[in-house]
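Peer 1: Sharing a structure here in structure tokens format.
Residue numbers (the numbering used here), protein chains in the order written: chain A, 671 to 1006; chain B, 150 to 434; chain C, 232 to 506.
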């Protein structure tokens, strides 16, 4: 909503629940990896999703990408895209064939670019495989389009003739980004795309993501556990803890004035060069999603925990024009 | 342990069927101790009777009861298979684990021996072995010979796993916890290769029984010890199929097939339960 | 005049890649010299990106790899002539990058504690080993009751990394070599590990070689640092002086590439700009 009265959001996720279900040896187990998450991503916006390992952010991304395989199951809620007026609802009775949408409207940048680039084939073939049928042009013109796109991303067109192993890790990730953006999709999912990279390379790759997003005006959901990356890239930030969204708002506002104690801790504990003040660690460990605590899932570790936190589950409520938080201590009128 | 076995029987169909088939085969082998005649005696029953009562699986042209003959043959065949598998497993485990862990020249030396064994043509060697041994050939010497020829593929497989285990951080933790090489190999690495050993054991039993049957059918073994192969050998000698004595060949072959299927199902289902991550992770115990 | 705890002089490690004919030689570590712990316990950070040779260097300090050239002295004795491997391990212990890999996933984690207590702390019985393990675990904020009989997958990354540190402490080492110890630990648990290193230095007198690519935590805990690039040291000295005011072009580039969490907060109202 940084655009003011923006048009309809590109992605709307409503009350989404996705569980890993195992029925084995007579014991039923539900791992509630995504529990009642509601969010939207606006047009031309980078939405950051922060959280620790096994907080459900990867599961949420899989669900949004339509990459659901057993034992993961969507229990309820909806995921709806709006591609320039064309509404596409996953997990609906008349859900569309995802193959029509992938790469053309919805693309991915993953952590290991090798999973996209076929190691046995030249980079050119990966472009042809994924993008050719979406760009309705003859092969020669198509390749010209690809070359122009690569040049725009400061990549030499010669990379098309290389095999993936001939490129460095940062180069491969850039090629993966070029591949994900060449069809100018409306929505891009980026799952920890810079985590395995060195810091100097990471900065270059992030700058490139930013540039290409501005250029083609698509929306991006960017997942990483690294708050410093979010601070430098994302317009809005959502923080997940134990399968739930606990805070969401403009990145700068959250970093400056976090309202949820978990977010506050994450930001306060970031070490900075030039800062030697002792940083306090958060006690305890994240809960098991198979057996989460009653009430607010953060309460066993929370310095502000009250009685109500142990009994009731706080809902996301507005604390600013575009700032939501799920915490009784941060919601006026709920204190006891 | 018993808990795990009970759960396996209750919830894993492959395991249950495998146990059932193998128990059936072992029961038949065990019945050999109740056999009324020695399996080597001939013309103790009327020859060439089809399956019926009192000779349930019929009798053969040498005047032997096929059922009692079969109990004894499957016992010897099973023993043979297990003996080969056991000896060759021990060899491949020791060589594979040490080569993978020690690396360097130890690895190169062991693997050059290993590769020599891989390229040796088995069948001519075993036939040659028979001609050298002649009358001293017993199933035990054949088992030893096959065990010494049958470890090399799996040793290479185990070595490759051991190499990757050597590079994992927990091996370093074990070293810096003061464990000796023997402790690390047996306590830390062995559990990882056991699933491989289990499934290759089944393959190895399969291979050794198959080879033994082949050698026996051609008469290159000690034909006085009744095994499944020797039974088929004698049936062929008496041209049983031409004479219409199909039960003399059908029942031994059927029993071997049942044995193979039982072992295979066990191998498949056991793999899943050797790894506590999958077991504990799913049950949440 | 006492010898420093650890002294590296002109250490190099060369790997041959490929065959004898067409292969080439890679200098993973090339002429590194430094000292650790001359004036009492300290945290010494080795900073570098992937391919800088920092992990190779760690392996040589732990004596699991031998330098191709140069000398590594521990308490004045050359590691190359080390006969008493167990005696060396009693004094130098490692901590690894991935806490989920530091213990065998098929085994209970407490067995490594008992084993270390029996080998290096002189525990003769299981009960004595348990006492040693419990004492070490309490130093890292855990107790034996919490982890007895647990498998690695039942503990969090932060807990496992603390158990790994406790295991190293059972031997009462003078030096701990920690290779990227927090890079795979969750953000909310990371500071507990980093703070623990400070406690080890201040309260237990353990020197730590802290190997990392993360300048911010290095700035936070280390006393002295060396910045490595392609096997060579480009800059070395007191941690804060160097990171506040790096001189070598590579150090400057490295520092500038560190993303500051304050970028957005500072530029509130606009989209953050990345140069």
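Backbone N, C-alpha and C define an ideal beta-carbon position, used for all residues, glycine too.
Name the residues in the stretch 438 to 460 of chain C whose C-beta lies less than 7 angstroms from a C-beta of chain B; which are they?
Peer 2: Within the stretch 438 to 460 of chain C, no residue has a Cβ that lies closer than 7 angstroms to any Cβ of chain B.
Peer 1: May I have the straight-line CA-CA distance separating residue 186(B) from residue 330(B), to the nearest angstrom?
Peer 2: For the purposes of this step, residue 186(B) is taken as residue 37 along the second chain, with counting starting at 1. For the purposes of this step, residue 330(B) is taken as residue 181 along the second chain, with counting starting at 1. Each residue's Cα considered, the two are about 53 angstroms apart.
Peer 1: With H, G and I counted as helix, E and B as strand and the rest as coil, what does DSSP make of residue 710(A)?
Peer 2: The sequence position of residue 710(A) within the first chain is 40, counting from 1. Residue state, collapsed to three classes: strand.
Peer 1: Quick one: does residue 235(C) have its CB under 8 angstroms from some CB of chain A?
Peer 2: Reading the third chain from its first residue, position 4 is the one you call residue 235(C). Judged by the 8 angstroms Cβ criterion, residue 235(C) is not in contact with chain A.
Peer 1: How far does the beta strand (DSSP E) with residue 237(C) in it reach, from first residue to last?
Peer 2: Against the third chain, residue 237(C) aligns to sequence position 6. Element bounds for residue 237(C): 237 to 248.
Peer 1: If you follow the beta strand (DSSP E) that residue 458(C) is part of, which residue opens it and which one closes it?
Peer 2: For the purposes of this step, residue 458(C) is taken as residue 227 along the third chain, with counting starting at 1. 455 to 460 is the extent of the beta strand (DSSP E) around residue 458(C).
Peer 1: To be precise: take each residue of the stretch 308 to 329 of chain B, compare its Cβ to all Cβ atoms of chain C, and keep it if any distance is under 8 angstroms. Which residues remain?
Peer 2: The stretch 308 to 329 of chain B vs chain C, Cβ under 8 angstroms: 317, 318, 319, 321, 322, 323, 324, 325, 326, 327, 328.
Peer 1: Closer than 8 angstroms by C-beta to residue 234(C): which residues in its own chain qualify, once you throw out the five before and the five after it? Chain order, please.
Peer 2: On the third chain, position 3 is the one that residue 234(C) refers to. These residues qualify, in order along the chain: 304, 306, 307.
Peer 1: Name the DSSP bridge partner or partners of residue 718(A)?
Peer 2: Position 48 of the first chain, counted from the first residue, corresponds to residue 718(A). BP columns for residue 718(A) point to 892(A), 907(A).
Peer 1: Using a threshold of 7 angstroms, is the CB atom of residue 879(A) nearer than that to any non-hydrogen atom of the ligand ADP?
Peer 2: The ligand content of the structure shown is nil, which means the ligand ADP is not present either.
Peer 1: Are the Cβ atoms of residue 470(C) and residue 869(A) separated by less than 8 angstroms?
Peer 2: In the third chain, residue 470(C) corresponds to position 239, counting from 1. In the first chain, residue 869(A) corresponds to position 199, counting from 1. Not a contact, by the Cβ cut-off of 8 angstroms.
Peer 1: Indicate whether at least one CB of chain B lies closer than 8 angstroms to the CB of residue 294(C).
Peer 2: Taking the first residue of the third chain as position 1, residue 294(C) is located at position 63. It does not; no Cβ of chain B falls within 8 angstroms.
Peer 1: Count the CB pairs spanning the stretch 300 to 315 of chain B and the stretch 338 to 355 of chain B that are closer than 8 angstroms, and state whether there are at least three.
Peer 2: Contact between the stretch 300 to 315 of chain B and the stretch 338 to 355 of chain B is present, because at least three Cβ pairs lie under 8 angstroms.
Peer 1: Buried or exposed: where does residue 921(A) fall if 16 or more other Cβ atoms within 10 Å of its Cβ makes it buried?
Peer 2: What you label residue 921(A) is simply residue 251 of the first chain in a count that begins at 1. With 16 or more Cβ atoms within 10 Å of its Cβ, residue 921(A) is classed as buried.
Peer 1: Looking at the unbroken beta strand (DSSP E) that takes in residue 857(A), where does it start and where does it end?
Peer 2: Mapped onto the first chain, residue 857(A) falls at position 187. 857 to 861 is the span of the beta strand (DSSP E), which, as asked, contains residue 857(A).
Peer 1: Is it true that the CB of residue 701(A) sits closer than 8 angstroms to the CB of residue 689(A)?
Peer 2: Taking the first chain and counting its residues from 1, one reaches residue 689(A) at position 19. Taking the first chain and counting its residues from 1, one reaches residue 701(A) at position 31. Going by C-beta atoms, residue 689(A) is nearer than 8 angstroms to residue 701(A).
Peer 1: Are the stretch 329 to 338 of chain C and the stretch 389 to 400 of chain C touching by the rule of at least three beta carbon pairs closer than 8 angstroms?
Peer 2: Cβ pair count under 8 angstroms is three or more, so yes.
Peer 1: How would you write the range of the alpha helix (DSSP H) that residue 915(A) sits in, first residue to last?
Peer 2: Taking the first residue of the first chain as 1, we reach residue 915(A) at position 245. Run containing residue 915(A): none in the alpha helix (DSSP H); it sits in the beta strand (DSSP E), 914 to 920.
Peer 1: Mind listing which residues of the stretch 383 to 402 of chain C have their C-beta closer than 9 angstroms to chain A's C-betas, in chain order?
Peer 2: The residues in question are 386, 387, 388, 389, 390.
Peer 1: What are the start and end residues of the beta strand (DSSP E) that includes residue 757(A)?
Peer 2: Taking the first residue of the first chain as 1, we reach residue 757(A) at position 87. Segment 756 to 760, the beta strand (DSSP E) holding residue 757(A).
Peer 1: Would you report the Cα separation of residue 383(B) and residue 355(B), rounded to the nearest angstrom?
Peer 2: Counting from one through the second chain, the residue named residue 383(B) turns up at place 234. Counting from one through the second chain, the residue named residue 355(B) turns up at place 206. When rounded, the distance between both Cα atoms is 22 angstroms.
Peer 1: Run through the stretch 415 to 465 of chain C for me and flag every whole alpha helix (DSSP H) of 4 or more residues, listed as ranges in chain order.
Peer 2: With a minimum length of 4 residues, the continuous alpha helix (DSSP H) runs that stay inside the stretch 415 to 465 of chain C are 418 to 435, 446 to 452.
Peer 1: Give me the Cα-Cα distance between residue 949(A) and residue 426(C), rounded to the nearest whole angstrom.
Peer 2: Here the question's residue 949(A) lines up with position 279 in the first chain. Here the question's residue 426(C) lines up with position 195 in the third chain. Taking the straight line joining both Cα atoms gives about 8 angstroms.
Peer 1: Sorted by chain position, which residues of the same chain lie with C-beta nearer than 7 angstroms to residue 969(A)'s C-beta, five sequence neighbours on each side aside?
Peer 2: For the purposes of this step, residue 969(A) is identified with residue 299 of the first chain, where counting begins at 1. Excluding positions up to five away in sequence, the list reads 963, 975, 979, 980.
Peer 1: By Cβ distance below 6 angstroms, which residues in the same chain neighbour residue 158(B) in space, the five residues on each side in sequence not counted?
Peer 2: Here the question's residue 158(B) lines up with position 9 in the second chain. Only 165 meet the Cβ criterion.
Peer 1: Tell me the DSSP secondary structure of residue 828(A) in three-state form.
Peer 2: Position 158 of the first chain, counted from the start, is the residue given in the question as residue 828(A). Note: residue 828(A) maps to helix in three-state DSSP.
Peer 1: Which residue wins for smallest C-alpha separation from residue 375(B), given the options 414(B), 155(B), 216(B), 410(B)?
Peer 2: The residue given as residue 375(B) occupies position 226 in the second chain. Of the candidates 414(B), 155(B), 216(B), 410(B), the one whose C-alpha sits nearest the C-alpha of residue 375(B) is 216(B).
Peer 1: Are three or more beta carbon pairs between the stretch 389 to 396 of chain B and the stretch 208 to 228 of chain B nearer than 8 angstroms?
Peer 2: The stretch 389 to 396 of chain B vs the stretch 208 to 228 of chain B: in contact.
Peer 1: Residue 375(C) and residue 899(A) look like a contact to me (Cβ under 8 angstroms); what is the Cβ gap, rounded to whole Å?
Peer 2: If you number the third chain from 1, residue 375(C) lands on position 144. If you number the first chain from 1, residue 899(A) lands on position 229. The Cβ separation is near 38 angstroms, so there is no contact.
Peer 1: Looking at the unbroken alpha helix (DSSP H) that takes in residue 487(C), where does it start and where does it end?
Peer 2: In the third chain, counting from the first residue as 1, residue 487(C) sits at position 256. Per DSSP, residue 487(C) belongs to the alpha helix (DSSP H) from 480 to 488.
Peer 1: Quick test of the definition: if touching needs 3 or more C-beta pairs under 8 angstroms, does the stretch 823 to 831 of chain A touch the stretch 855 to 871 of chain A?
Peer 2: With a cut-off of 8 angstroms, the stretch 855 to 871 of chain A and the stretch 823 to 831 of chain A do not count as touching, because too few Cβ pairs lie within range.
Peer 1: Whose CA, out of 837(A), 893(A), 836(A), lies closest to the CA of residue 863(A)?
Peer 2: Along the first chain, read from residue 1 onward, the residue named residue 863(A) stands at position 193. Of the candidates 837(A), 893(A), 836(A), the one whose C-alpha sits nearest the C-alpha of residue 863(A) is 893(A).
Peer 1: Quick check: residue 944(A) and residue 993(A), are their CB atoms within less than 8 angstroms of each other?
Peer 2: Against the first chain, residue 944(A) aligns to sequence position 274. Against the first chain, residue 993(A) aligns to sequence position 323. Not in contact: residue 944(A) and residue 993(A) (Cβ atoms no closer than 8 angstroms).
Peer 1: At 8 angstroms on the CB atoms, spell out the chain C contacts of residue 897(A), in chain order.
Peer 2: Here residue 897(A) refers to the residue found at position 227 of the first chain. Near residue 897(A) (Cβ distances below 8 angstroms), the residues of chain C are 418, 492.
Peer 1: Verify whether the separation of the beta carbon atoms of residue 315(B) and residue 253(B) is less than 8 angstroms.
Peer 2: Counting from one through the second chain, the residue named residue 315(B) turns up at place 166. Counting from one through the second chain, the residue named residue 253(B) turns up at place 104. No; because the gap between Cβ atoms is not below 8 angstroms, this pair is not in contact.
Peer 1: Give the range of the alpha helix (DSSP H) segment to which residue 318(B) is assigned.
Peer 2: In the second chain, residue 318(B) corresponds to position 169, counting from 1. Counting along the chain, the alpha helix (DSSP H) containing residue 318(B) begins and ends at 318 to 325.
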